[in-house]
Amino acid sequence: MINELIPELIGGTLIGLAASLLWLGIGRISGMTGVLSSLFLWREQQRHWAFWFLAGLVLAYPLYKLLGYSAPLQLTSNNTLLMAAGLLVGFGTYIGNGCTSGHGVCGIGRLSLRSAIATVTFMVAGIATVAVMNLSGGVL
Amino acid sequence: MSARILSPLVALASGLIFGLGLLISGMNDPAKVRAFLDVFAAWDPSLIAVMGSAIPVFAVFFYFGKRRKAPLCATTFHEPQLTRIDRRLLTGAVMFGIGWGLVGLCPGPALVNLLAFEPGVLIFVLALLAGNRIAHWVVGPAK
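Listed in order, the protein sequences are those of chains A and B. Position one of the first sequence corresponds to residue 1 (the working numbering), numbered consecutively onward. Position one of the second sequence corresponds to residue 1001 (the working numbering), numbered consecutively onward.
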């Protein structure tokens, strides 16, 4: 059982180490929502770390492929659904001040009740959405 | 080396390691994420192991950092100051969760998949940026 989870455990540990490096190195929380918002604040010197972080994040995929690994990516081809989902995630994470990384990993790691409640809420909403889509029998 | 040179390198390395973690764990794959959220049918709980390892690792280093006055390559720790649990937080989390469930992408994995050059990922990321800006103009930053 645990053997089957080795990729998940290694990946999760790397995510935890990356977040730790950013915190201990420059005192920043590795939240993707904050990184995204920083893109629009490029004039502010104190936001520049986000560009470097984003560059590393985006380069991980070509590096991973270059090392000879494959990364499956199975995504819906329904463009309307993709657009609606992107808008909801962009809007929701902005007003909720975080997503899976900022609230889920760093927030819970900091023992923030606010982040724990946000994480439970978006998990439940995600689970309910998938359940409703199943019930709709492919309409959604 | 000075902090001026080191801090961008720290951010770059952190982003790269974060991205590799998402790829190795399979968290970048929308189908795997949707299977994780599919609790009542074809549930694949394996992604619990990603959160279950990332959170304690960060928690240990975060509390180790609490003993320091400043980070290694900067002058201050920027810990989030918001603690309020209000309608704004919950509305945002519900909207995010719905979008996440619809296609199986959250911001980190979407950005990691950008250079896979999948048209669907690009559409999602453009909508993600648009949603972020619409919220900024309509609602504004949290105080």
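Here a beta-carbon is modelled for each residue, glycine too, at the ideal position from N, C-alpha and C.
Hey, how far is the Cα of residue i from the Cα of residue j?
{"i": "Arg-1088/B", "j": "Pro-1056/B", "result": "28 Å"}
{"i": "Leu-142/A", "j": "Ala-1070/B", "result": "One cannot answer for residue 142/A here, as it falls past the ends of chain A, which runs 1 to 140."}
{"i": "Leu-1020/B", "j": "Leu-14/A", "result": "7 Å"}
{"i": "Leu-9/A", "j": "Tyr-69/A", "result": "17 Å"}
{"i": "Leu-63/A", "j": "Val-1112/B", "result": "11 Å"}
{"i": "Trp-1100/B", "j": "Lys-1066/B", "result": "33 Å"}
{"i": "Met-83/A", "j": "Ser-1002/B", "result": "43 Å"}
{"i": "Leu-22/A", "j": "Cys-1073/B", "result": "10 Å"}
{"i": "Leu-5/A", "j": "Asp-1029/B", "result": "16 Å"}
{"i": "Ser-101/A", "j": "Lys-1032/B", "result": "17 Å"}
{"i": "Val-120/A", "j": "Arg-114/A", "result": "10 Å"}
{"i": "Val-1103/B", "j": "Ala-1110/B", "result": "11 Å"}
{"i": "Val-1039/B", "j": "Asp-1086/B", "result": "27 Å"}
{"i": "Arg-43/A", "j": "Met-32/A", "result": "19 Å"}
{"i": "Leu-1090/B", "j": "Gly-104/A", "result": "14 Å"}
{"i": "Phe-1062/B", "j": "Leu-24/A", "result": "8 Å"}
I'd like the span of the alpha helix (DSSP H) that includes residue i, first residue to last.
{"i": "Phe-1124/B", "result": "1119–1138"}
{"i": "Gly-1065/B", "result": "1048–1065"}
{"i": "Pro-1071/B", "result": "First-last for Pro-1071/B: undefined, no H or E at that position."}
{"i": "Pro-7/A", "result": "6–26"}
{"i": "Ile-29/A", "result": "Neither: Ile-29/A is in no alpha helix (DSSP H) and is coded neither H nor E."}
{"i": "Met-123/A", "result": "113–135"}
{"i": "Ala-1035/B", "result": "1030–1037"}
{"i": "Ser-1014/B", "result": "1003–1025"}
{"i": "Gly-1108/B", "result": "1107–1112"}
With three or more C-beta pairs closer than 8 Å as the rule, is the segment 1006–1020 of chain B touching the segment 44–59 of chain A?
yes
Within 8 Å, do at least three Cβ pairs link the segment 1103–1122 of chain B to the segment 1044–1062 of chain B?
no
Whether or not the segment 1124–1134 of chain B and the segment 118–135 of chain A are in contact is what I'm after, with contact meaning three or more pairs of Cβ atoms, one per stretch, closer than 8 Å; do they touch?
Output reads no: the segment 1124–1134 of chain B does not touch the segment 118–135 of chain A.
Determine which residues of the segment 1091–1108 of chain B have a Cβ less than 9 Å from any Cβ of chain A, and write them out in chain order.
Thr-1091, Gly-1092, Ala-1093, Val-1094, Met-1095, Phe-1096, Gly-1097, Ile-1098, Gly-1099, Trp-1100, Gly-1101, Leu-1102, Val-1103, Gly-1104, Leu-1105, Cys-1106, Pro-1107 and Gly-1108
Within 9 Å of chain B by C-beta, residues of the segment 121–137 of chain A in sequence order:
Thr-121, Phe-122, Met-123, Val-124, Ala-125, Gly-126, Ile-127, Ala-128, Thr-129, Val-130, Ala-131, Val-132, Met-133 and Asn-134
Which runs of the beta strand (DSSP E), 3 residues or longer, sit entirely within the segment 1074–1105 of chain B?
As summarised for the segment 1074–1105 of chain B, there are no continuous beta strand (DSSP E) elements at least 3 residues long confined to that stretch.
Determine contact between the segment 1089–1096 of chain B and the segment 84–95 of chain A, defined as no fewer than three beta-carbon pairs at a distance below 8 Å.
Proximity of the segment 1089–1096 of chain B to the segment 84–95 of chain A meets the contact definition, three or more beta-carbon pairs being nearer than 8 Å.
Could you tell me whether the segment 1076–1087 of chain B touches the segment 120–132 of chain A, using the rule of 3 or more Cβ pairs below 8 Å?
no
Note down, one range per segment and in chain order, each alpha helix (DSSP H) of at least 4 residues found wholly within the segment 55–104 of chain A.
List check, alpha helix (DSSP H) in window: 79–95.
Using Cβ-Cβ distances below 9 Å, what residues of the segment 1066–1077 of chain B are close to chain A?
Arg-1068, Ala-1070, Pro-1071, Leu-1072, Cys-1073, Ala-1074, Thr-1075, Thr-1076 and Phe-1077
Near-chain B residues of the segment 47–61 of chain A - C-beta to any C-beta below 7 Å
Trp-49, Trp-52, Phe-53, Leu-54, Ala-55, Gly-56, Leu-57, Val-58, Leu-59, Ala-60 and Tyr-61
Any C-beta of chain B within less than 7 Å: which residues of the segment 72–85 of chain A qualify?
Pro-72, Leu-73, Gln-74, Leu-75, Thr-76, Ser-77, Asn-79, Leu-81, Leu-82, Met-83, Ala-84 and Ala-85
Cβ-based contacts, 8 Å cut-off: residues of the segment 1007–1029 of chain B near chain A
Ser-1007, Pro-1008, Leu-1009, Val-1010, Ala-1011, Leu-1012, Ala-1013, Ser-1014, Gly-1015, Leu-1016, Ile-1017, Phe-1018, Gly-1019, Leu-1020, Gly-1021, Leu-1022, Leu-1023, Ile-1024, Ser-1025, Gly-1026, Met-1027, Asn-1028 and Asp-1029
Mind checking the segment 91–109 of chain A against chain B and listing, in chain order, the residues whose C-beta falls within less than 7 Å of any C-beta there?
Phe-91, Gly-92, Thr-93, Tyr-94, Ile-95, Gly-96, Asn-97, Cys-99, Thr-100, Ser-101, Gly-104, Val-105, Cys-106, Ile-108 and Gly-109
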